[in-house]
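Before any comments, here is the structure.
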Amino acid sequence: MPKKLILLIGAPGSGKTTDARQIAEKHAGSITSYSTGDLIRKEIEKGTATGKIAEGFVSKGDLIPTAIVVEMIVAAIKSAPTDIVLLDGFPGKEKQLQHFCDFVFNGHDIQLVSVIEVRVSEEVAKARCLASGKSEEIFEHEMTSYTQAIDIIEKHYEDKQILKVIDGEKELDAVVAEIDAYLVSKL
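In this note's numbering, the protein residues as written are -15 to 171.
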């Protein structure tokens, strides 16, 4: 039976990682939550072959090649302890989208059920990131990367009729409740 995958996307500071963790906690034993950044950090910490390659890029401040990121993500999804996986922060770039779609839509191990975009204004995203300790420079860099790709990513998933946009500017509990209700209707 294929793993059911739900992608949670959104700007830096949209709250997607927190939302995903709360959903997974609420459905402990049936939904596993992964953050793309956390998966990469864990591979580096474990010193796996893939982690060592990733560390070489990260240590120089370079982006990890898409094929390596997709390999890490797919391995995590396939070995997840549950049949439903919530992945946040991916895809973030058009190249990631293309590479991942090639894999997911041509394979039988992973079924992409839905893509949920937690949408916030740039002002809200910036305020949240700065409050959490990110520098303005890092936020601007991340936001630029996000805005360069989001229109293409949204259109791709809208065309497949699996994109759901949720207002991420509401209170955390309200956002999580809306995501949860939507997921329950899809699963």
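Ideal Cβ positions, reconstructed from N, Cα and C, are used throughout, including at glycine.
I think residue i touches residue j, with their Cβ atoms under 8 angstroms apart; what is that distance to the nearest whole Å?
| i | j | result |
| --- | --- | --- |
| residue 52 | residue -11 | With a Cβ gap of about 19 angstroms, residue 52 and residue -11 do not count as contacting. |
| residue 83 | residue 34 | Contact flag wrong, Cβ pair sits at about 15 angstroms. |
| residue 152 | residue -1 | 5 angstroms |
| residue 16 | residue 72 | With a Cβ gap of about 12 angstroms, residue 16 and residue 72 do not count as contacting. |
| residue 88 | residue 171 | Their Cβ separation, rounded to whole angstroms, is 17 angstroms, which puts residue 88 and residue 171 out of contact at 8 angstroms. |
| residue 127 | residue 107 | Contact flag wrong, Cβ pair sits at about 11 angstroms. |
When DSSP builds the beta bridges, which residues end up paired with residue i?
| i | result |
| --- | --- |
| residue 18 | 71 |
| residue 135 | Bridge partners of residue 135: none, in fact. |
| residue 61 | Bridge partners of residue 61: none, in fact. |
| residue -12 | 68, 95 |
| residue 148 | 100 |
Would you report the Cα separation of residue i and residue j, rounded to the nearest angstrom?
| i | j | result |
| --- | --- | --- |
| residue 232 | residue 130 | The question about residue 232 has no answer, for the chain in this structure spans -15 to 171. |
| residue 161 | residue 155 | 10 angstroms |
| residue -3 | residue 7 | 18 angstroms |
| residue 141 | residue 74 | 13 angstroms |
| residue 63 | residue 123 | 32 angstroms |
| residue 78 | residue 137 | 7 angstroms |
| residue 37 | residue 46 | 12 angstroms |
| residue 3 | residue 80 | 22 angstroms |
| residue 165 | residue 116 | 28 angstroms |
| residue 66 | residue 134 | 29 angstroms |
| residue 9 | residue 121 | 33 angstroms |
| residue 40 | residue 113 | 26 angstroms |
| residue 169 | residue 86 | 27 angstroms |
| residue 198 | residue 110 | This structure cannot speak to residue 198, because the chain is shown only from -15 to 171. |
Just to confirm before moving on: does the CB-CB distance between residue i and residue j stay below 8 angstroms?
| i | j | result |
| --- | --- | --- |
| residue 101 | residue 69 | no |
| residue 132 | residue -14 | no |
| residue 99 | residue -9 | yes |
| residue 42 | residue 28 | yes |
| residue 13 | residue 103 | no |
Could you give the DSSP three-state label for residue i: helix, strand or coil?
| i | result |
| --- | --- |
| residue 119 | coil |
| residue 129 | helix |
| residue 99 | strand |
| residue 31 | coil |
| residue -6 | strand |
| residue 104 | coil |
| residue 86 | helix |
| residue 38 | helix |
| residue 155 | coil |
| residue 140 | helix |
| residue 0 | helix |
| residue 12 | coil |
Could you check whether the Cβ of residue i sits closer than 8 angstroms to any Cβ belonging to chain B?
| i | result |
| --- | --- |
| residue 4 | Protein chain content of the structure displayed is limited to a single chain, and chain B is not contained in it. |
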